[in-house]
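Following our numbering, the numbering of the sequence shown begins with 1 at its first residue and continues without gaps.
A short worksheet on the structure shown next.
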Amino acid sequence: MERKNLWAPWRIKYIQGLSDSSKTGCFICHNQESPQDDDKNLVLWRTKKSIVIINRFPYNNGHLLIAPVRHIGELDQATDEELLEMIKLDGDTNFMSVCSDTKVISQSLTELLEQLKQVSKEHNLPGL
Ligand SMILES: [Zn+2]
């Protein structure tokens with residue numbers, strides 16, 4: 001399989017931020033402790049054991065991060081209850097597009113058409 005390059009210049013802010021000493025700590029824990037900033041931090045859902053955050057540097061449109069509320073570094077440190085909850089929150093996209101040169105399309109064309117027609121109607125598009 002031939003390796004392809006994906007040009008994603010928006011990710012450089014994330015990469016450079018990893019070495020920024022003013023941003024030490026865990027952003028998930030930070031977001032967990034700041035519910036008043038959920039919109040700013042792109043927090044979508046909070047559940048008993050998990051937090052769901054929109055990835056600021058997505059591989060895919062709608063790339064969500066699903067993490068346990070409890071700070072752990074490895075998945076095998078999660079309890080069965082945490083794992084079950086995170087699995088139940090998981091969507092139908094994954095790392096396939098990153099690791100196996102396969103793109104998962106999560107929406108039917110007819111559903112997309114209906115969604116685009118609705119948005120077009122709401123925004124009076126095309127405005128020609
Ligand atoms: Zn943490």
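Built from N, CA and C at the ideal position, the CB exists for glycine as well.
By the DSSP assignment, the beta strand (DSSP E) with L42 in it spans what residues? From DSSP, L42 is part of no beta strand (DSSP E); its letter is neither H nor E.
On the CB-based measure, 16 or more other CB atoms within 10 Å of its CB, does S50 come out buried or exposed? buried
Confirm the yes/no value for this check: CB of I28, any heavy atom of ligand 1, distance under 7 Å. yes
Checking 8 Å against the spacing of the C-beta atoms, do Q32 and V69 come in under that value? yes
From M86 to K4, what does the alpha carbon distance come to, in whole angstroms? 31 Å
In whole angstroms, what separates the C-alpha of L125 from that of L64? 29 Å
Check the C-beta distance from I66 over to L89 and give it rounded, since I have them as a contact under 8 Å. 5 Å
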